[in-house]
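Residue numbers (this note's numbering), protein chains in the order written: chain D, 913 to 1286; chain F, 8 to 398; chain L, 4 to 573.
Backbone N, C-alpha and C define an ideal beta-carbon position, used for all residues, glycine too.
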Amino acid sequence: MAVADSHDTAHDDHHDHGEFIAHHFDSAEQQFDSGKLGIWIFLVTEVLFFSGLFVAYTLWRNHHPEVFEQAHVFLNKYLGGMNTIVLLFSSLTMALAVRSAQLGKNKQCSLYLLITMVCASMFLGVKAVEYSHKWDMGIFVRSAFDFHAGHHAAEPGTLAASLGVSPYLIKLSFIPAILLVGCIVASVIGKMTEKPLLSKFLVGMAVTVGGYFLGVVVGQVFVAATEGGSHASVVSPTEPLMLHAMTSEDGDHQAGDGEEHDHAEGEKHDHADGEIHETHHNEHHDDAHAMDHGPDPSKFDRDIGTFFSIYYCMTGLHAIHIIGGIIALAWLYWRSLAAHWRPDYFGPVDFVGLYWHLVDLIWIYLFPLLYLIE
Amino acid sequence: MNWQLPTLFGQTKTVLERVQDTTLPGTAVPQSSIERPETGVTYWFPEQASTFAEGVDDLYMFILWVSTVSFVVIVAAMVYLVFKYRRKGKEIVIEPSSSHNTKLEIAWSVLPSILLVPMFWWGATGYFDSRIPRDDAEEILVTASRYNWLFTYPDGDSSSELHLVRDQPVKLVMQSKDVLHSMYIPAFRQKMDIVPGRYTYAYINPTKLGQYRLSCTEYCGEGHSKMRTVAEVHISNEDRKANTQWIKAEHPPWENGSRLYKIHCSGCHRIDGKAATGPALNLTWGRKGKAHNGDPIEANEQYIKESIEYPDKVVVEGFGPVSKMNSFKGILDQDDISHVIAYLKYLQDPSLVTDSPEAAGSPNEGKSGEAEKPESEDEAVSTEDKEDSDA
Amino acid sequence: MSSEAIRNTFGTPETHFLNHEKGWKSWAFTLDHKRIGIMYLIGVNVALIMAGIFALVLRSHLWSFDGTGPVKLSNEMYNQMFTLHGAVMVFSFIIPSVPAALGNIVLPMMLGAKDVAFPRMNLASFYLWIAGTGCLLAAILSGNGLDTGWTFYTPYSIETETGVIYATFGAFILGFSSIFTGLNFLVTVNTMRAKGQTWFKLPLFLWSLYATSIIQVLATPVLGITLLMLIAEKTMHIGIFDPKYGGDPVLFQHFFWFYSHPAVYIMILPAMGVISELISVYSQKKIFGYSFIAFSSIAIALLGFLVWGHHMFTSGQSQVVTLIFSAITFTVAIPSAVKVFNWLATLYKGSILLSTPMCYALSFIFLFGIGGLTGLFLGALSTDIHLHDTYFVVAHFHFVMVGGTLTALLGGVFHWWPKIFGRMYNDTLGRISCFLVFTGFNLTFFPQFVMGARGMPRRYATYDPEFQIFHQYSTIGAFVLGFGIVMAYSVLLYAAFKGPRCGSNPFRAASLEWQSSSPPDFHNFTHKVVMTDPYDFDTQVYDEELDTYVHRELAQPTKPVEADPQPATH
């Protein structure tokens, strides 16, 4: 509606193209500056949003370094590393997309945006493999942590069993599968009803969702390669657990000695062992007594679950940001296809680009903090 | 300044009548018997019944006077200026005056800050007085649960009111069974939160006989306002023994602890001073040592609790870097851990956990007794109370 | 528009933002900051009324010490009442009150701008506010209510079966609403100032809003993640705050207060900004020590981030940490004191008009003085141990938040009301409302200081009998206070519809918003604003024809008013 009051700005030449300048801004420049400052402040709030989790991480690691040392071996650093590379590459293509938008090359821009989106969904695919793999082993958050070495075998006859993958993975892939089919069908319809822009956009979306399945396949291959494809690999993380079990058994053998000492030294307290057991009716203690004879490795290391609570919170929140990023990128993709970018108007690409770099940056921090603890 | 606000609609009489019949929940103490118009109640405060209460009140009065004077000056200046320079008629007449004066502004920024320094300093010293217990303090275990208080004395007996002896300092070791609570005794000017999952401490040295209110001040649920009881200060330990409704313990806590020791700990920990798979437990209580990574350790309640629940967290030098112990979290509950701690104290020095000091009431004796007993490192009490209550 | 026509709008404009579009859609989908501000004003006042009713109910319950008074609540009901009173007041009323309602209307106009930088975000912020408040209230409708206290302390909030998830999610959403407002204001002040308007020509209200926005943007995300973790803890037991699973409840308190202490300054800073404007305009004198007031706002905002631990002196945090927090807490007292002294110095040799807004401003100084000074008792460690979580604390923060923020909000609303609606309120009735608010407030909360010092714990449904007399004074005061607030808004509402017309600048104020017509045009200004010092009142001359004050340059009939190069499209 409104035309910029641009008598005194550098963009006089584009005065007639001011369709994207909102009425309350005096000039394209002011609009761009406002957007830029806005997105930077938004990024600050994002950093602070994650900072709560980083603080929780730091405090917990400080309080329980042993938990972190034991827990990180459950994480597959090759999968994490691959995801890091994928995200770094997507940052590169994002930067290229911004460059081409600045130059007004809309076609080029849309291609780069598409690659960025594919990388983003590939990241999510790998993450889905990682999550489902852990859930298979009973690695959940603190309260539900129930580690058992070895996978839940998928029930025979199900899709998961026939594909040889985790049933969790099938569940996680359900929505992307629907999206994929939906995009393809809709783009075909779009083509038939002669809406070329829409159809083009939907093809791009289908390719994007395809990236997820690419990620799943690559992730599965990586898991098979790095963990030998068998469940033997899972034993290695359990070594600390085994150590506990063994010392605990030692403890049992020594128990006799201990009691002798007690008798020899502690004459002041004159109860026989029998009395001890009789007077103990507390359920807890009965449990405990049973535990003496065969400690259950899944129980006493449940604190590892706290590490995974933090792991799921951090990576989950990050994944939500990736999904948000994909939605924003899809919007940009639509606008590049519609050829909206010009040298004096490319702000949205720039701003989403900054957001995307931040999401990458957070992963760059998460990866060593979670996967590379030594 | 012992004046009352005027009563509204003459209700006080009926209030007092209603008060006669009510008793505090969980106790046999009538409402009307507590903090009635005895001496020492001022306009602002309840009685001063602990060593540091006077300091708190003095600081309060100091801040009150400083604030009152500055407030009166500010308001008087405001009223005067508003009156003097009020607009007369419709004309706006302004005498020219400067709109800033850096010297003046710096002066009124700096001068008040100087007044703040003594407030901070006085507050900090008073705080440490009320937080750092004297070495000869008797230890009482406070267990808060919704909506009850339980006070367990060294000999294992408990009561639902807090019973203290005049001039006998106590260190309250506090644990919660469910949610956050906070123990508040206005007459002692003492308050401390009770946090589930960890021990907190409070210190009191009562100076005045009487019954005082004790209430929960951290919101804990439906019965929060019913979580009230009484702290009673007795003249001597005999008086306390005779005039308290005791909840007798079947076994003293250390005995329970010794059973737990035999079941769970004796495999790896010996109590003859020799290290086995784990350190010897008779040397543990109160020990100041080093962890395998060089951090200092002091074996207090919190440390023992953590070692039982998270054995890998801090491993004693010579037993690390990885602890060989299982976590007993979920196996030993909060009470069990308190019993084990009592047993550790017993192993260190039986008098710590048997009976409360007989000759309480004379802190000086307690202090000198401690000075003559260098062999008990930390938690020494007076020498007179070596007797074993169980004997 | 001809220059003469523009000048005539200073009397009464024909079209303005209230009538240039009609119908509910023109309000619900408006991007106009003034309309959004008005909707916010209505919204926060609905929240105020609701939370105020909760307060009156619980004060009536406390009439008698054993719960046998005229209004009898069960303990559960009492707990829910104080929780909802606190949560709605804090999250839905006080935090958005001055910035989102008054600030939204005034800020762009003070900058000579047409709107805030991101109008869509501004509208989104308002709808998030509605959604968040709805979630808070959904806790009531869920059937279980909410009984954690507004602080949601763990592990009680994890164990209780009431609607904690609704409420925390509501607070989470309200946090985003607050971030949107803050972000918008920061960008607007940075990029959209009028030509020639340097930072030191900003009205002090903008400095305080800027400082507030910094806090909103920096602190609120931490609350967001904390509440998300609390929700995760409650639904999945992730073991970070829940001691049953090895978590640490004190960690939650740290996280919570890291936001909620700065949030106290989100509440009070904009109020101080309003007071700076009022004192100066109604004394007709340049504000004394402009830069000291401006920088003290920023200093309060930054220091506010370093003192959260003073809510936790008895929580079991380490003694050294406690000591440090106490020391920093005392430093926050200084910038607040500086402001009070500067306001007093502004009165000196002024021409003071005791109209309604000024009465509110003066009672702000009185009440905030008490609120601030009683903070010293709580900053000092040994006295805080005694006073923490007693009625002393309750009285202290009500003096700051109600005596401070609510009073300033009312003063500000009276001050800008003629600007928004172009109609004048009845000054006598306004001053009576101020008197009622002032006395009612003091009667309510002053006895609570005495109760607290004598050891009355807060959040008690039944209490010790010797406190009953104080509670009864308090209850009477609460009703007087409630009546005062209702009266103030009645006076205002009557004025908005039936009050006599007033010109663009009836109070001879000099900041830019008074250069627009009353009510302002949809684009705020129909002419180019004349940049001027916001406290240089001599620039405003009385125009008898229009019966209002007009800027010198705009008033000269010889020199035509420069029309806005961009004509308003109606």
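Assumed close pair residue 100 of chain L, residue 47 of chain L - CB separation to whole angstroms, cut-off 8 Å: The residue you call residue 100 of chain L lines up with position 97 of the third sequence. The residue you call residue 47 of chain L lines up with position 44 of the third sequence. Residue 100 of chain L to residue 47 of chain L, Cβ: 5 Å. Contact.
May I ask you to report which of helix, strand or coil DSSP gives residue 94 of chain F? What you label residue 94 of chain F is simply residue 87 of the second sequence in a count that begins at 1. Coil.
State the CB to CB distance for the pair residue 1268 of chain D and residue 1006 of chain D, rounded to an integer number of angstroms; the pair is presumed to be in contact (CB under 8 Å). Taking the first residue of the first sequence as position 1, residue 1268 of chain D is located at position 356. Taking the first residue of the first sequence as position 1, residue 1006 of chain D is located at position 94. In this structure residue 1268 of chain D touches residue 1006 of chain D by the C-beta definition: roughly 5 Å separates them, less than 8 Å.
Tell me whether residue 1194 of chain D is buried or exposed, calling it buried when 16 or more other Cβ atoms sit within 10 Å of its Cβ. Indexing the first sequence from 1 puts residue 1194 of chain D at position 282. Low confidence applies here, because residue 1194 of chain D scores a pLDDT of 39, under 50, leaving its location unreliable and the question unanswered by this model.
Unbroken beta strand (DSSP E) run spanning residue 182 of chain F, endpoints: Start at 1 with the first residue of the second sequence, and residue 182 of chain F comes out as number 175. Its beta strand (DSSP E) spans residues 177 to 183.
Using the C-alpha atoms, what's the distance from residue 74 of chain L back to residue 479 of chain L? As a working mapping, residue 479 of chain L is identified with position 476 in the third sequence. As a working mapping, residue 74 of chain L is identified with position 71 in the third sequence. Rounded to whole angstroms, residue 479 of chain L to residue 74 of chain L spans 14 Å at the Cα level.
Helix or strand or just coil, what does DSSP make of residue 269 of chain F? The residue labelled residue 269 of chain F in the question sits at position 262 within the second sequence. Residue state, collapsed to three classes: helix.
Since residue 167 of chain F and residue 191 of chain F should fall inside the 8 Å C-beta cutoff, what is the C-beta to C-beta distance between them, to a whole number of angstroms? Walking along the second sequence from the start, residue 167 of chain F turns up at place 160. Walking along the second sequence from the start, residue 191 of chain F turns up at place 184. 17 Å between Cβ atoms; not a contact.
Strictly by DSSP, which residues pair up with residue 155 of chain F? One-based indexing of the second sequence puts residue 155 of chain F at position 148. Its beta-bridge partners are F/152.
Taking one C-beta from the region 158 to 167 of chain L and one from the region 209 to 224 of chain L each time, how about it: are there three or more such pairs within less than 8 Å? no
Reference residue 23 of chain L; option with closest CA among L/522, L/555, L/229, L/551: If you number the third sequence from 1, residue 23 of chain L lands on position 20. Comparing Cα-Cα distances from residue 23 of chain L to each of L/522, L/555, L/229, L/551, the minimum goes to L/522.
Strictly under 8 Å for the Cβ-Cβ distance: is residue 548 of chain L near chain F by that measure? Taking the third sequence and counting its residues from 1, one reaches residue 548 of chain L at position 545. Answer no: the Cβ-Cβ gap between residue 548 of chain L and chain F never drops below 8 Å.
Going by the beta-carbon positions, is the gap between residue 195 of chain F and residue 306 of chain F smaller than 8 Å? Within the second sequence, the letter at position 188 stands for residue 195 of chain F. Within the second sequence, the letter at position 299 stands for residue 306 of chain F. No, Cβ-Cβ distance for residue 195 of chain F and residue 306 of chain F is not below 8 Å.
Under three-state DSSP, which class holds residue 975 of chain D? Within the first sequence, the letter at position 63 stands for residue 975 of chain D. Three-state result, residue 975 of chain D: helix.
Can you tell me which of L/110, L/436, L/11 puts its alpha carbon nearest to the alpha carbon of residue 39 of chain L? Within the third sequence, residue 39 of chain L is the residue found at index 36, counting from 1. Per the Cα distances, L/110.
What does the alpha-carbon distance come out to for the pair residue 36 of chain L and residue 319 of chain F? By one-based count along the third sequence, residue 36 of chain L stands at place 33. By one-based count along the second sequence, residue 319 of chain F stands at place 312. Cα to Cα, the separation comes out at about 58 Å.
Give me the chain D residues within the contact set of residue 320 of chain F, using Cβ-Cβ distance strictly less than 9 Å, ordered along the chain. Along the second sequence, read from residue 1 onward, the residue named residue 320 of chain F stands at position 313. Going along chain D in sequence order, the residues near residue 320 of chain F (Cβ under 9 Å) are 975, 976, 977, 978, 979.
Residues of the region 929 to 946 of chain D in Cβ contact with chain F at a cutoff of 9 Å, in chain order, please. Per Cβ criterion, the list is empty.
Select from the region 291 to 324 of chain L all residues with a C-beta closer than 9 Å to any C-beta belonging to chain F, and list them in chain order. 291, 292, 293, 294, 295, 299, 315, 316, 317, 318, 319, 322
Measuring only the C-alpha atoms, how far is residue 244 of chain F from residue 169 of chain F? Numbered from 1 along the second sequence, position 237 holds the residue referred to as residue 244 of chain F. Numbered from 1 along the second sequence, position 162 holds the residue referred to as residue 169 of chain F. For residue 244 of chain F and residue 169 of chain F, the distance between alpha carbons rounds to 13 Å.
Under a three-way DSSP split, which group does residue 542 of chain L fall into? Taking the first residue of the third sequence as 1, we reach residue 542 of chain L at position 539. Reduced to three states, the DSSP call for residue 542 of chain L is helix.
As assigned by DSSP and simplified to three states, the class of residue 231 of chain L: Here residue 231 of chain L is taken as the residue at index 228 of the third sequence, counted from 1. Correct three-state label for residue 231 of chain L: helix.
Delimiting residues of the alpha helix (DSSP H) encompassing residue 303 of chain F: On the second sequence, residue 303 of chain F is found 296 positions in, with the first residue counted as 1. Residue 303 of chain F -> not in any alpha helix (DSSP H); beta strand (DSSP E) instead, spanning 303 to 305.
Mind pulling the chain F residues with CB within less than 7 Å of residue 45 of chain L? For the purposes of this step, residue 45 of chain L is taken as residue 42 along the third sequence, with counting starting at 1. Here the premise fails: no neighbours, minimum Cβ distance about 33 Å.
From residue 1026 of chain D to residue 994 of chain D, what distance separates their C-alpha atoms? Position 114 of the first sequence, counting from 1, holds the residue named residue 1026 of chain D. Position 82 of the first sequence, counting from 1, holds the residue named residue 994 of chain D. About 20 Å.
Quick one: list the residues of chain L neighbouring residue 197 of chain F, beta-carbon separation under 9 Å, in chain order. Along the second sequence, read from residue 1 onward, the residue named residue 197 of chain F stands at position 190. Residues of chain L passing the Cβ test: 388, 389.
So residue 348 of chain L packs on residue 291 of chain L, CB below 8 Å; how close in whole Å? Walking along the third sequence from the start, residue 348 of chain L turns up at place 345. Walking along the third sequence from the start, residue 291 of chain L turns up at place 288. About 4 Å separates the Cβ atoms of residue 348 of chain L and residue 291 of chain L, confirming a contact at the 8 Å cut-off.
Roughly how many angstroms separate the alpha carbons of residue 505 of chain L and residue 434 of chain L, rounded to a whole number? As a working mapping, residue 505 of chain L is identified with position 502 in the third sequence. As a working mapping, residue 434 of chain L is identified with position 431 in the third sequence. Their Cα atoms are separated by approximately 19 Å.
Neighbourhood of residue 1161 of chain D by C-beta distance below 6 Å, restricted to the same chain and skipping five residues each side: In the first sequence, residue 1161 of chain D corresponds to position 249, counting from 1. The predicted position of residue 1161 of chain D is uncertain, since its pLDDT is 38 and thus under 50; no value can be drawn from it.
With 8 Å as the threshold, decide whether the Cβ of residue 463 of chain L is near any Cβ in chain F. If you number the third sequence from 1, residue 463 of chain L lands on position 460. Yes, residue 463 of chain L lies at the interface with chain F (some Cβ there is under 8 Å from its Cβ).
Simplified DSSP assignment, three categories, for residue 122 of chain F: Your numbering for residue 122 of chain F matches position 115 in the second sequence. Helix at residue 122 of chain F.
If you drop the 5 nearest sequence neighbours on each side, which residues of the same chain put their C-beta closer than 7 Å to that of residue 309 of chain F? Locating residue 309 of chain F in the second sequence gives position 302, where the first residue counts as 1. Only 205, 206 meet the Cβ criterion.
Please list, in chain order, all residues of the same chain as residue 484 of chain L whose beta carbon is under 7 Å from its beta carbon, the five residues on each side excluded. Taking the first residue of the third sequence as position 1, residue 484 of chain L is located at position 481. Closer than 7 Å at the Cβ level, and outside the excluded window around residue 484 of chain L, lie 440, 443, 444, 447.
Residue nearest to residue 175 of chain F in terms of C-alpha spacing, selected from F/247, F/91, F/360, F/64: Here residue 175 of chain F refers to the residue found at position 168 when the second sequence is read from its first residue. Nearest of F/247, F/91, F/360, F/64 to residue 175 of chain F, Cα basis: F/247.
Quick one: which chain L residues come within Cβ less than 9 Å of residue 77 of chain F? Here residue 77 of chain F refers to the residue found at position 70 of the second sequence. Neighbours of residue 77 of chain F on chain L, chain order: 340, 372, 376.
Assuming contact is defined by CB atoms lying nearer than 8 Å, are residue 1012 of chain D and residue 1032 of chain D in contact in what I supplied? Counted from its first residue, the first sequence places residue 1012 of chain D at position 100. Counted from its first residue, the first sequence places residue 1032 of chain D at position 120. Taking 8 Å as the Cβ cut-off, residue 1012 of chain D and residue 1032 of chain D do not qualify as a contacting pair.
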